[in-house]
Structures are given as C-alpha cells and as structure tokens.
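Protein chains in written order, with the working numbering: chain E, 1 to 311; chain H, 1 to 336; chain Z, 1 to 896; chain U, 1 to 195.
Rendered as structure tokens:
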C-alpha cells in the first residue's frame with residue numbers, strides 16, 4: 001500500500017506496489033573485488049533475454065567494447081586501468097593526458113621502469129539497480145514498467161509505447177529505447193535488465209548470476225545480500241583493501257537503496273556511476289506545487305489582461 | 001570542456017581545495033567521459049510540442065476572455081490557434097513515441113507520479129473542450145445557411161461553455177510540461193524545477209499573446225498585448241532566477257546550441273515585448289512583435305530542450321554536484 | 001587462467017577467499033593478474049631461468065621436503081661419472097653430436113651397481129637414435145611412458161654422493177641466483193624472492209602448492225623442459241600426487257586431452273602406444289618390447305595386452321595370434337610426419353589430399369602464409385566445420401590472394417566444405433583437462449547436411465571399402481579386414497538408405513574393450529588379455545564402460561558426493577582423479593598431515609583407501625619390497641608411488657626420454673635480442689628446424705648488427721572473449737562484438753619510442769610477414785631491464801582472420817616454424833619483431849616490404865646463423881662422451 | 001509459488017488498470033494493478049522446454065557441464081549445470097554463447113564445393129560429395145602408395161593424404177578417424193595437440 005515513504009525513504013517496494021504476501025525482495029550483490037571481467041554476464045544475459053548485438057566497434061577503453069548499459073546491453077562490464085594511487089614522493093601526480101583513456105594511452109609517465117606502482121585493473125559488471133524508488137517506473141505513463149512481486153523493476157514489452165520518459169528519468173542512465181537492429185521485435189520500446197523476471201517466477205537464478213564464474217554477481221534476498229556485502233567489506237578492510245566500499249546498499253540514500261548494489265574499489269564515478277543519485281520523483285510534490293502556482297499565475301495573468309479593457 | 005573529457009576520465013583529486021566555490025572544469029572523474037544519465041531520446045518534436053502546447057493553452061485562455069468580453073477577432077485567432085496548437089501537439093507527441101500505434105496505452109493507467117500520465121489526462125480533459133470551442137469558431141465561419149444544420153448548430157451553442165472549461169484546464173497544460181522535463185535525471189531540467197513552470201507559463205503567455213497580436217485587429221488585441229508582455233516579463237525574469245538555482249548545469253544554457261537558442265530567445269522576447277508596447281497603434285509593428293514573441297517562445301523551448309540534452313551528455317553535470325554534496329558530508333539521505 | 005579458463009579460475013578465487021596467496025607470473029598484466037596478490041612480469045622465453053632460480057633457492061636453503069624427496073624421487077640415484085653438465089661444456093651436456101645436433105644419452109645414465117655389466121637392457125634400448133626420436137616425437141617414450149630406467153639403480157639416501165641426483169641438481173642450478181634471474185628474466189630480486197618464499201612456505205606436510213600452466217608453455221623450442229622444470233620444483237617441494245598440489249595443464253580445447261589419449265597424432269596410437277616405426281618395430285614383439293621395457297618396473301609391463309587388444313579392436317576376427325594380430329597391417333613411420341613437416345611437403349607438392357576437421361590452420365597454426373600456400377598446392381582439401389572458415393576460403397580471400405601469390409584461376413586445389421554437427425547435435429565423450437571423460441547427450445538433429453565426424457568417417461570408410469571390395473591387392477587388406485561394422489541409428493529414412501548415424505556408444509564400448517566371445521565389457525585394463533580373447537581400443541580408457549554402463553555419463557550431483565566427486569563422469573585411469581596419489585601418504589602409508597589426507601594405507605583392512613581411487617595396487621602394503629630380479633608390476637615397491645616410471649620414483653633427473661638433456665637449462669628462444677647469459681650455447685641446440693627460404697627465422701643477436709632490424713620481443717595469447725583461431729567465436733554475434741578488432745598492446749614507453757598513437761594503426765613485422773592492428777597503449781605492458789638494457793615486449797591476441805563477423809590480421813602469420821625437439825611443437829609464444837606506426841603495405845608491396853626486412857636482417861635465404869654456438873672445445877669434449885659404438889642413421893640436413 | 005500466493009501477486013480481474021489501481025491497493029499504479037495478462041502468464045523457456053539434454057561445453061578443456069533445453073526440436077537455452085563439480089553451473093562468455101554458436105544463421109548447412117581454378121563456391125549434394133571424397137581418397141592412396149621406403153624398409157603407407165584436427169571432436173570420433181586412417185595407411189594424421 002502507498003505510504004509516507006512511497007516517494008522517498010526506506011521502503012519494501014513490493015507491498016508498496018499492492019502485493020500481498022510478496023516473496024522476499026530479490027536483488028544482486030555485485031562484488032567487483034572478484035570480477036575478472038570475463039563478460040560471461042553480458043553474454044548469458046543476451047542469450048537468455050534475446051538481446052541483440054550492441055555495437056561492433058573497438059572503443060580503445062581498455063577491454064570495454066560494450067560502451068554502456070543500454071537497450072542492447074543489460075549488463076556492462078567496465079574496465080579501468082588504474083595506476084598507483086600514491087605516486088612516488090618526488091613525482092607529482094602525472095598530468096592527465098587526453099589520449100582517450102585513463103592510463104591506457106597515457107604518454108610515458110616519467111616513472112622509472114624499475115619502480116612498479118601498485119597498478120590496478122578494475123572491472124565491474126554494471127546492471128540496472130532495481131531501485132527502491134525507481135524513477136523509470138514512476139514516470140512511465142503506460143504502466144509498462146512495473147514493480148514485480150520480487151521487488152524488481154520490469155518492462156512489459158507488450159505495453160510500452162516507447163515514450164522514452166523512463167530514459168530521461170533514470171539517475172543511472174540504465175534504461176534506453178531500443179534503436180536496432182532493424183527487424184528486431186522490440187525496436188522502439190524501452191529495454192533494460194528484468195532481473196530475469198521469468199526465471200524468478202520459476203525459482204531460477206538470473207542468467208548472469210548463474211553464469212558468473214567467480215561469484216562476483218551474487219543473487220538472492222536483498223536483506224541477506226546486504227549482510228553478506230557488509231561482511232565482505234569488513235573482510236577486505238581487514239586485509240588492507242581500504243578502498244572497498246559499498247554502493248547502493250543504504251536504504252536511506254537518494255533512491256531508497258538499490259536492489260542491485262555493488263562493492264566497489266574506487267569512487268563510483270570512476271566506474272561511471274553517479275556518486276549520490278537521487279530519485280527525481282523525490283521532488284515531484286514540490287514540482288507540482290510550483291507548477292500549480294505558475295498555472296494559477298497564468299490564469300490570473302489572463303484575467304488581468306482582460307480586466308478594465310473595453311473592446 | 002566536452003572535448004577535454006571525451007574519453008578521458010581524468011583524476012585530479014589531489015588538487016581539490018576545500019574552499020572553492022566553483023569547481024574547476026577538469027576537476028572530476030568519470031568513466032572515459034561517458035555520459036552517466038542518458039539524454040532523453042526525444043527528438044526536436046518535443047521542443048516543438050512544448051511550444052505548440054503553450055500556444056494552445058494560452059490561446060484557449062485568450063479565446064475564452066475574448067469570447068466573454070466580446071472581441072470576436074481575437075476570439076477567432078485564439079480559438080484557431082488553440083485548435084492548431086492542439087492538433088500539432090498531438091501530432092508531435094505521437095510521432096515521438098517509439099511505438100506510435102500504442103499511443104492509447106497512455107490511457108491504460110492514471111499515474112500521479114508520472115507527469116506524462118498526468119499531462120495526458122489533462123490534455124484529454126482540455127483537448128475535447130478546447131477543440132469543441134474551436135469547432136464552434138469554425139462553424140461561425142461557415143455560410144449562414146450551413147450554421148442552421150442541427151449538429152453544427154449544437155456545436156455553435158456549446159462553443160462558449162466548452163471554451164470556458166477549456167480555459168480553466170488550459171493553464172495546467174501550459175504548466176505541466178515544466179514538470180514533465182523537471183521530473184527527470186537530466187541535470188539542467190531537474191535542477192530548474194523551481195522556476196521552469198514559470199518560464200514555461202510565461203513563455204506560453206508570450207507566445208499565445210503574440211499570436212493574438214499577429215492575428216487580431218489592433219483594436220481587439222489589447223488583452224493579448226498585455227498577456228504577451230506580461231508573459232514575456234515573467235519568462236525573462238524567471239529564467240534569470242532559474243539560472244541561479246540551477247548551479248553548475250546553468251552553463252549549458254549558455255554553451256553550444258542551447259546557448260544560441262537562449263540568446264535568440266532573450267532578444268526576440270525582449271524585443272517582441274518592447275515592440276508590442278511601443279507598437280500598440282501599428283498593425284504591422286504589432287504583428288511583427290507578435291511573431292517575435294512567438295519565435296522567442298519557440299527559442300526558449302528549444303534552448304531548454306538542448307540544454308537538457310547537453311547536460312545529460314556531459315557527465316560533469318551529474319557528477320560534480322553530487323560529488324560536492326558527498327564531499328561536503330551532505331549526501332542526500334532520508335533520515336528523519 | 002582468468003583470461004582463457006575463467007570457469008576454472010573460480011577455484012582460484014575460492015582459494016583466495018580462503019586465504020591462498022595468488023602469484024601471477026606473466027609477461028603482461030592480465031585479468032589473472034588483476035585478481036592476484038602479486039603480478040610478476042617476466043621476459044617471454046625465460047621461464048627456465050626463473051624456475052631454475054626457485055629450484056636453486058630450494059636447494060641452497062635445503063627447503064626441499066626431504067622425506068618425500070628421498071623416498072619418492074630419484075634424488076638419491078647415482079649418475080654415471082661420465083656425465084658432464086652444461087657448466088662444463090658451454091651449454092651442452094655430454095654426448096653431443098654436432099653433425100646431427102643430437103645427444104647420445106649414454107653418459108646421462110644412472111650408474112650401475114654391477115660395474116661389470118653394460119647399461120641395462122632397458123637403458124640401452126632407450127639410449128638409441130635420438131635423431132630419429134626427435135623426428136618421430138618419440139623421445140618422451142610416446143608422451144607418457146615414463147622413464148624406462150633399470151628398476152634398481154644405486155642410491156645414496158644421505159644425498160651426499162657427489163654424483164647423486166640431488167647434488168648434480170644443486171650444482172646444475174647453482175648459477176641461477178636471484179641476480180642472474182633478474183638479469184635474464186627482468187624480474188626484480190625482490191619480486192623473485194617473494195615468489196620463492198611463497199612457494200616454499202606453502203609446501204610441506206601441512207600445505208601444498210599447485211602449479212598451473214596454460215599450454216602456451218608448450219609452444220617453445222624448450223617447451224618440454226619448461227614443464228620438466230616445473231616438475232622438478234614440485235617434486236622437491238613434495239607437491240606431486242597430493243591434494244591441492246601437482247601440475248595442471250590448462251588445455252584449451254574441449255577434448256584436446258582426449259585427442260592425445262585417443263590420438264589423431266602421427267606418432268602414437270590410442271593409449272600412448274607408439275605408432276610402429278619402420279626402423280625399430282618390424283615385428284609385433286619389437287613393438288611390444290619397446291613399450292614393455294623388460295627389466296623396468298611398472299604397469300607398462302603389460303603392454304603386450306594393451307597392444308594386442310588394440311590390434312584386435314582394429315582388425316577383429318582377422319587378427320589372430322598366427323598373423324601377429326595383423327601387426328603387419330600397420331603402416332610404419334620413418335621420420336617426422338608432423339603437421340609442419342606435412343605443410344612444407346604440401347608446398348613442395350608431395351601431398352595430394354588434406355582433411356581439416358574442426359581446425360583452422362590458416363589462422364591457428366604458426367606461419368600462416370606457409371599453411372595457406374600449402375593448401376593452395378593440394379589436389380583436394382576437405383574442410384569440416386560449423387562455419388565458412390579461412391582454411392576453406394584461402395583460394396579466394398586469403399592474404400596471399402591480395403599479394404598475388406595465390407591466383408584463384410590458377411589454384412588447382414579442389415575444396416569440399418562439409419557442414420559439421422555441433423556439440424549438441426551428436427553424442428559422445430569429451431575428455432577434459434583433468435583426464436575426465438564426460439558424455440554428451442544429443443539434444444537435436446544437426447541442421448541440413450551437417451553431420452558428425454563419426455558419420456563422416458564411418459561412411460567414408462564404408463565407401464572406400466566398397467570401392468576396394470574384391471580387390472586382391474595385399475595393400476587393401478587392412479581396409480577390407482577392418483572391423484568396421486557399427487550399429488547405426490537416427491533418422492529412419494537415412495538409416496534405411498544406408499546413411500544412418502553410427503552409435504557413439506558402440507564405439508565407446510569398443511574403446512573400453514570387451515570379451516570377444518561374450519561381448520561382456522571389460523571392467524578395466526587389468527582384464528585385458530594378450531591372447532586375442534579380449535579386445536579394446538584404448539587401454540587407458542578401459543573401465544569407462546565397466547558393467548555395461550556408460551560411466552562417462554554419470555552425473556551424480558556434487559551435493560550428493562564427496563569433494564572428489566568420483567561419480568561425476570569418469571577419469572582415466574580407473575577413475576583416479578589425482579595421479580600417483582600414493583604420494584599423498586608418507587612412506588609408512590599414513591597421510592602426511594590431517595588436512596592433506598587423501599589416500600592412505602588402512603592397517604585394519606590391509607588395503608589402500610581414501611577419498612580417491614588409490615593409484616596403487618590396492619593390497620600392496622607400504623612395507624612391500626620387491627624380490628631380487630623382479631620386474632614389471634612386481635618390482636613396484638610399497639614406497640614407489642610413480643608406478644609408470646621405470647624405477648617407481650619421480651624424476652628430478654631424467655636420464656632418458658628427453659632429446660635436449662636430462663635437466664632443464666636456460667636457452668634463449670630461437671629469436672631473441674639477447675645472448676645467453678649463462679653459456680655460449682645460445683638456443684636449444686637440438687631443436688627441430690626447417691631451414692628454407694620460405695621459413696626464415698629472425699637473426700641471431702650475436703650475428704650482425706642486423707639484430708637491430710627486429711629489436712622487440714613479441715608474444716601472443718588468447719582473450720577471454722574469443723576462442724583460438726576464432727572459428728567458434730568470430731562467427732558468433734555475442735562474442736564477436738566483445739572484441740571486434742585485432743589490436744597490439746604496447747607500453748607507453750614503446751609507444752613513445754615508435755610514435756604509436758593509442759587506437760591508431762600500427763603494424764608488426766617479422767621475416768615472415770607484417771600484420772596490422774589497432775594500437776592499445778597500456779601500462780599492463782612494462783618494459784623490462786634485461787642484461788642491463790631495456791627490452792620492450794609487444795603482445796597480441798591471435799584470434800582474427802579475414803572471415804567472420806569481425807576480421808583482422810592473424811598474429812600467427814608472424815611466426816616461423818621452429819620446433820621443440822621432443823614433441824615437435826612450434827615455438828609460437830616468442831619471437832622478435834619490429835613495430836611501426838600506420839598500416840602495413842597491401843598487395844604485392846607487402847611481400848616486398850617483408851623481404852626488405854629479411855634482407856636487411858640477412859636472413860632472406862632462410863639462414864639464421866649456426867644453431868650450435870657452444871665453443872668448439874666444448875663441442876669436442878661433449879662429443880667425446882658419446883658412445884663410440886653408437887651409429888647414427890643419416891638424416892636429411894634440411895630436416896633438422 | 002503456490003497457486004494461492006500467485007493469486008495474490010497477480011492482478012485482479014477488473015478490466016481497466018485504472019480501476020485496478022484503486023481496487024488492488026496500488027494507487028500509484030506501480031505494481032500489481034498494471035500487470036498485463038502476458039506478464040501474469042510468463043514462464044521461463046527453461047520451464048516450458050520439451051526436454052533437457054546433458055552436455056559439455058565445446059570451447060576450452062575445463063569441461064563445464066551444460067544443460068541444453070529443447071523446445072520443438074530447437075535449442076532454446078544452454079546454461080551451466082549447477083550439479084557439476086567442475087563448473088557448479090557457471091560458464092564463461094564463450095560457454096554462455098553456446099546457444100548463439102549452435103543456432104547461428106551463419107552456420108553452413110549444405111556442402112560447398114570449389115572446383116579446381118573456380119572463383120566461386122557451388123553447392124553439392126551430401127551423398128555426391130561423399131562419393132567424390134571417397135573416390136579421391138582411393139585415388140590418392142593408390143597414387144602415393146609406398147610399400148617400402150627409400151631405404152627398403154617395409155612401410156606400407158601413403159604419404160599423399162594428411163589430416164589435421166580433432167581437438168574439439170569426441171573421443172569416439174577421433175577413434176574412428178585414427179582407425180580408418182591407420183588401416184588406409186595414411187600416417188600424417190595430426191591434431192591441435194601438436195600445435
């Protein structure tokens with residue numbers, strides 16, 4: 001049932017969307033500290049969901065040739081080649097050189113060959129966050145995007161009319177309208193990860209989590225995953241990996257916490273994630289209020305324009 | 001800016017000071033400069049719709065006023081403007097869908113959280129009445145003999161009440177489009193949510209008033225002139241305010257395509273308003289001013305539209321404000 | 001491992017989560033390095049120096065697992081005092097014949113207790129013609145025979161005797177200090193010692209260390225010795241035959257293990273029986289004895305049964321004791337008939353027909369140009385594949401068509417491209433990399449005219465036999481007498497028309513073996529008889545159909561069985577999951593430690609038991625000692641875990657079986673910008689070379705200033721997103737898009753040196769070809785300091801060709817043909833090259849460009865300079881160690 | 001999910017979602033009320049498949065177990081088998097692309113033939129092609145037969161026919177290949193294992 005936190009704040013989304021006795025909320029915990037960038041998730045997703053090819057173009061951005069999450073890419077593995085975070089004391093931080101990549105393509109850094117910085121190759125499989133407060137769902141004018149009983153956010157291909165509103169609403173840039181290939185049955189409609197809704201109805205795991213060789217993508221009850229994630233961060237901190245942090249796990253955050261959350265080894269924006277996303281509908285009451293005021297002013301304006309004038 | 005970051009997630013954390021007011025341009029990190037939020041997939045149609053919808057709404061108001069105050073010339077222009085605006089609006093809206101044949105799916109649900117759904121219902125309410133009023137105007141233009149044909153006569157009779165209902169539902173049509181844009185993750189739109197309704201309502205008033213100036217006899221155009229000038233002032237004023245509250249993404253209103261549109265908008269709107277004021281005796285000057293105001297309104301819509309897209313394409317506008325919040329220790333959290 | 005075997009890597013990640021330390025030694029920073037605790041960049045081709053350094057660290061600090069080493073390895077064996085090591089002979093071992101570039105291994109042998117006698121019969125047999133062994137890839141005793149040394153060499157279990165293996169080993173590796181490792185490998189001493197520490201601290205009673213290599217290790221002119229070096233280290237640290245230990249080859253094709261077990265290789269027959277050799281195996285007895293090795297310990301003693309069961313499986317009723325089970329029907333090999341020799345023969349017009357079975361040598365084999373020119377000079381070519389691969393279309397769109405070397409209108413090769421059935425469209429077994437057979441069920445019918453190889457070869461055999469029916473030519477007897485009667489099934493129409501699908505299960509049953517009279521499947525190779533009453537096509541697979549049950553089809557859930565999971569599939573031999581697992585218990589048969597318990601002797605039941613099937617006679621107690629004069633199985637003592645070895649011991653030192661020496665020693669790759677720091681002998685002196693103008697190798701660095709023509713080192717490997725030559729990935733949308741273009745990875749420093757722009761084009765040049773790709777400038781590649789100067793390494797994936805959804809130049813075109821002498825595998829993981837910005841020339845200009853390089857480097861005529869570069873004195877002294885009586889058969893010069 | 005529970009999660013039968021929004025406790029139209037009939041009836045292909053074949057991944061040699069789901073004699077899904085002790089249900093990108101591999105439109109399904117000196121392919125009937133290959137094998141074998149080698153040793157073989165391949169083939173297939181070639185006297189039979 002709709003409640004005080006329906007637009008912002010901690011919430012169990014399935015009951016909010018009218019489900020009675022819904023199963024526990026399901027989600028992903030993507031632990032990027034064990035991601036090997038194999039892209040099995042990308043392929044398994046495409047195979048299961050009949051997602052067509054995205055683009056055949058080498059991008060030169062390390063091993064990422066999938067570019068981003070989009071209508072033809074429901075999982076996207078980011079690759080970041082990161083030089084040591086602590087440059088040698090006598091070396092100023094290398095000035096960024098624009099050759100298209102973070103370090104790939106950087107000009108000779110002046111660091112002597114013998115000095116081996118703590119180079120890192122970060123990989124992370126990004127996916128729809130299945131937000132607690134999902135802007136895409138809320139702005140959808142057809143009810144195509146809906147909250148499933150598992151608390152996930154799913155597009156109904158048979159309903160969507162391709163208005164594209166969800167695309168602009170998503171604070172993570174996940175959902176997109178499919179542009180091609182020609183002849184594909186879902187061209188023109190919004191597409192994104194469904195958390196394999198059909199598989200979930202049969203107690204199967206989403207295709208990406210099923211395939212992931214290293215359990216970087218873990219599927220399960222969000223409550224339990226959140227606990228597991230906190231433990232994992234604690235373990236990594238004990239091991240001295242102080243960069244480890246969780247992203248999207250806080251039900252108090254701008255989107256009420258995400259159903260798919262992450263353990264990252266750097267700031268979110270390094271991975272192409274917004275550092276502090278807020279669901280746009282949080283401000284919706286205020287927007288309506290301002291619009292009402294403006295509308296009233298306009299009405300008043302027209303009245304004033306006519307008043308006191310003789311034809 | 002965009003070139004600097006095209007494909008290069010630069011990291012200059014070390015240089016970030018705590019007391020800066022503006023973030024130096026290069027001082028943020030991204031993933032190869034790729035966009036975080038996606039630009040709305042809407043074509044220019046949607047900007048045109050913002051304009052035609054505004055014209056339709058404002059015209060509907062003017063038409064009702066003219067009808068009530070006995071300004072048939074103004075009424076005619078306004079009612080036809082309303083009809084034309086509506087027709088074009090629906091056309092643009094449908095055309096911009098990925099699946100135009102599924103347009104009616106909009107009426108499947110009524111979602112308060114979706115400005116598009118709300119707008120659809122508003123339009124669904126406003127449209128028939130405004131259209132009916134316009135139809136009455138068309139009937140009045142027919143040869144007298146025809147006007148006596150039963151159904152047409154009914155239309156003519158219903159013209160005024162329909163026009164009044166249409167007028168009452170018109171301002172939401174003009175205002176909701178601001179919420180439509182603001183209720184997105186597009187930085188330049190969302191950050192403008194306080195003032196954008198005023199900009200859009202002002203713009204709609206200026207454009208519809210401009211249409212009145214353009215089409216109505218000078219003698220009957222007074223209210224349109226007042227409405228247009230008032231709208232133009234509100235628009236210009238609200239736009240300045242809006243830029244202040246938008247923060248970083250305000251710069252998208254000054255760069256590139258959006259910058260050109262916005263500069264044109266200011267010139268045309270201000271010029272149109274001045275022209276409207278000084279040319280109150282001149283049919284020609286009134287018409288030119290009216291056209292300028294309409295053009296200015298269109299430019300505003302184009303400018304806001306382009307600024308939004310530009311702000312979505314450059315991750316800076318998404319990252320920097322959020323990063324600053326976080327670094328200030330003020331991330332958005334619900335805690336009550 | 002994360003790159004090419006991501007799913008296997010889950011176990012590494014799991015180990016890491018449980019506290020294992022992961023070290024990745026690789027020329028470049030890969031996906032594996034990304035998850036490792038430590039990445040150690042190394043110069044390509046210097047692995048023996050690196051491993052030798054660790055061995056030295058172990059020996060100098062006495063960090064070996066002494067009880068294991070003394071009891072289970074040949075550390076205590078005493079070597080003949082005629083043996084001279086590389087340090088004495090400038091990089092050669094004793095017994096070198098510069099003429100044939102091979103060794104006479106007589107002086108390498110273990111000393112004899114009976115000083116009167118000559119070498120044991122077994123040894124004499126094996127100290128044979130190594131030049132011939134090199135040609136027939138039989139030096140290793142046909143892949144897995146183990147050393148056929150006499151069963152009881154003299155030993156000094158105190159390990160103090162100066163000629164005991166332990167001491168010889170210690171002297172051999174004494175020069176491999178951390179400083180030398182740093183100089184040769186470009187690995188800092190700090191990094192190197194870190195690896196040494198990790199390895200040794202994690203080995204012993206309580207812990208084991210696993211060595212995992214991918215088969216790029218085999219693609220070196222010293223490939224076998226790489227793996228030998230790993231074996232020595234794992235034996236010294238007591239990691240063999242124990243859980244969590246061992247050496248695992250991560251093989252790259254679904255059944256590449258199976259295709260050596262049941263080989264389609266020229267030199268062996270199923271079960272690693274040697275292909276009969278015209279020189280050595282004129283009679284059945286010769287053949288059997290060469291495997292059986294009378295006088296040696298171990299299970300090869302039953303080779304007679306294995307061989308006769310195979311002959312019986314081949315020729316059925318026609319094979320009788322009277323006709324030596326049709327042994328005479330076997331064709332004989334006489335030399336090198338390997339794939340590279342054959343391709344050169346094709347160029348020379350000596351081969352008429354060629355079958356390519358799910359193989360794409362136009363992209364996947366070294367020296368692609370030679371491959372394609374060879375194919376263009378055949379009478380007919382049959383390609384069987386899922387897609388229209390490059391090897392099927394060389395006549396119309398290969399790079400040689402562009403250069404004008406192949407003109408379609410002038411190319412006579414007739415090409416048949418048969419569509420093949422995929423893995424879900426046929427049933428059968430794959431043998432995965434841990435020797436486990438897994439049965440696949442057929443899911444659907446193959447599309448259109450696609451058929452299995454089983455169908456193709458069964459019917460090809462049928463048609464050929466039909467054409468020869470009635471022939472009274474003796475040469476046709478082997479075909480006409482062939483047991484070629486397999487039940488068929490499938491589509492009833494096809495079956496009725498005589499084109500049914502043969503039953504893979506029936507073939508598997510034949511492979512397993514059965515009693516001829518009753519048809520009862522054998523339960524294992526111990527049931528094989530040498531009298532013709534049983535038959536079986538592959539003795540090591542015997543048991544896979546035990547009790548008439550397809551054991552490879554077992555799929556008991558991992559949740560319902562032990563961690564060893566013995567009831568999932570079937571592993572040869574006899575479903576043992578860890579080979580030589582007797583070594584997981586101490587000499588008394590007790591587990592080395594509680595946490596590493598695996599197989600042990602149960603005093604109560606008086607038998608071996610544990611988590612796995614014991615790789616030992618079940619009831620032979622640890623205390624068993626062989627009676628004097630025994631051999632074969634009876635000679636295996638209770639403390640001899642390595643039951644396939646002639647002395648039952650793990651071979652730290654290999655007196656036989658290796659063409660290039662009893663101990664791994666560092667040689668530079670055939671193409672290297674560096675001189676061998678350790679010896680005058682630059683490269684492997686015994687490597688197999690084909691010196692001809694169409695196979696030029698880049699120059700020896702000592703030869704001329706021309707070495708500067710190819711200043712960089714390059715290597716190749718796989719990307720996760722693609723599969724080998726791309727035949728199963730470049731044609732698949734969901735894979736092709738993930739890595740859509742050929743690229744070349746270079747360090748920022750090299751990019752600066754050569755003016756390469758990230759994502760711009762560059763081309764890489766060798767004396768064979770020039771290929772182009774996009775430049776990927778990345779710090780994942782780092783220049784190394786080697787022998788006091790900086791060396792740049794270039795890396796390329798090798799998945800592209802002109803076909804498929806995504807195309808590009810093939811990295812294998814860059815390599816020449818130069819082979820490991822033991823197994824005839826090419827050196828295709830290291831070479832020298834030049835890298836230049838921009839695209840390569842096209843058309844005939846490409847050949848001119850490449851030939852210009854070859855001319856400048858002085859190798860245009862195919863002569864790279866001498867192979868043997870050890871000092872003349874050393875050569876002389878080494879040769880003096882030869883057995884004067886040893887006669888070598890003349891060899892073709894060009895064929896060495 | 002039990003039927004009863006399904007009834008509670010699925011939509012009510014009111015004909016218009018707007019009405020359901022009010023009736024289903026989903027005023028904002030987020031979940032239960034806006035589901036389509038198709039959504040309610042959705043089932044995974046893995047559940048509707050006619051049969052499942054147990055298979056093994058055809059790419060590398062790790063030996064990952066696969067389940068091949070078949071519907072109407074077409075492969076509709078291939079995924080890892082969670083019961084396998086080798087891969088525990090997991091697959092790499094290549095293994096995950098297996099369905100794409102076997103159902104690809106690019107696969108050859110007819111025999112293609114390139115005559116000597118031809119510049120294009122032509123199609124051949126499968127059985128004709130088999131006959132032609134058999135003819136060539138017989139001919140090449142005869143023409144390049146050696147009873148003895150140049151040193152007079154008995155070799156009884158042909159050096160005119162070579163073969164390469166088999167590392168992705170089944171053991172049974174390799175067995176027949178080696179058996180037939182050996183009986184034929186063809187010895188240049190090689191494999192990826194040498195490469």
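From the three backbone atoms N, C-alpha and C, an ideal C-beta is built for every residue, glycine too. Predicted model, so just to flag it, every value in this text is computed and none were measured.
Next item on the list: Using the Cα positions of residue 32(H) and residue 251(H), report the straight-line distance between them to the nearest angstrom.
Entry: 22 angstroms
Notebook entry, point to check: Are the C-beta of residue 161(E) and some C-beta of chain H separated by less than 7 angstroms?
Noted result: yes
Notebook entry, point to check: Where does the unbroken beta strand (DSSP E) through residue 643(Z) begin, and where does it stop?
Noted result: No beta strand (DSSP E) contains residue 643(Z), which DSSP labels as neither H nor E.
Check: Given a threshold of 16 other Cβ atoms within 10 Å of its Cβ, counted over all protein chains shown, does residue 160(U) qualify as buried or as exposed?
Finding: buried
Next item on the list: Grab me the residues of residue 241(E)'s own chain with a C-beta within less than 8 angstroms of its C-beta, minus the 5 sequence neighbours each way, in chain order.
Entry: 33, 265
Notebook entry, point to check: Along chain Z, in chain order, which residues have C-beta atoms closer than 9 angstroms to that of residue 54(E)?
Noted result: 737
Notebook entry, point to check: Between residue 133(H) and residue 70(H), what straight-line distance do the alpha-carbon atoms span, to the nearest angstrom?
Noted result: 15 angstroms
Checklist line | Which residues DSSP lists as bridging residue 39(Z), in chain order | finding: 24(Z)
Note to self: DSSP three-state label for residue 317(H), please.
What the structure shows: helix
Margin query: If the cut-off is 9 angstroms on Cβ atoms, which residues from the segment 28-60 of chain U count as contacting chain E, listed in chain order?
Written below: 28, 29, 30, 31, 32, 33, 34, 35, 36, 37, 38, 39, 42, 43, 44, 45, 46, 47
Check: Any C-beta of chain U sitting closer than 7 angstroms to the C-beta of residue 228(H)?
Finding: no
Notebook entry, point to check: To which residues does DSSP link residue 54(U) through a beta bridge?
Noted result: In DSSP, residue 54(U) forms a bridge with 67(U).
Check: Comparing the C-beta of residue 380(Z) with each C-beta of chain U, is any distance below 7 angstroms?
Finding: yes
Check: Who are the near neighbours of residue 811(Z) in its chain, counting only those whose CB is closer than 6 angstroms to its CB and skipping five residues on each side?
Finding: 716, 796, 798
Notebook entry, point to check: Can you pull the DSSP bridge partners for residue 219(E)?
Noted result: 28(E)
Check: Between which two residues does the alpha helix (DSSP H) carrying residue 45(U) extend?
Finding: 45-48
Check: With a CB to CB cut of under 6 angstroms and the five nearest residues on each side skipped, what residues in its chain are close to residue 446(Z)?
Finding: The residues are 421, 425.
Margin query: I believe residue 138(E) touches residue 114(H) by the beta-carbon criterion, under 8 angstroms. Please report the beta-carbon distance rounded to the nearest angstrom.
Written below: Yes, residue 138(E) and residue 114(H) are in contact; Cβ-Cβ is about 6 angstroms, under 8 angstroms.
Check: Quick one: is residue 14(H) near chain U, going by C-beta distance under 7 angstroms?
Finding: With a pLDDT of only 35 at residue 14(H), under 50, the local geometry of the prediction cannot be trusted, and no value is derived from it.
Note to self: Residues in the same chain with beta-carbon distance under 8 angstroms from residue 116(H), minus the five sequence neighbours each way, listed in chain order, please.
What the structure shows: 106, 180
Check: Between residue 310(Z) and residue 274(Z), which are expected to be in contact by the criterion C-beta below 8 angstroms, what is the C-beta distance as a whole number of angstroms?
Finding: Wrong, their Cβ atoms sit about 11 angstroms apart, outside the cutoff.
Next item on the list: Anything in chain H within Cβ reach of residue 18(U), meaning under 7 angstroms, just list it in chain order.
Entry: 109, 110
Checklist line | Residue range of the alpha helix (DSSP H) that includes residue 121(H) | finding: 115-141
Next item on the list: Quick one: measure Cβ to Cβ for residue 428(Z) and residue 171(U), integer angstroms, because I've assumed they're closer than 8 angstroms.
Entry: 7 angstroms
Next item on the list: Return yes when the Cβ of residue 416(Z) is within less than 7 angstroms of the Cβ of residue 113(U), no when it is not.
Entry: yes
Check: Can you tell me the Cα-Cα spacing of residue 175(U) and residue 522(Z), whole angstroms?
Finding: 18 angstroms
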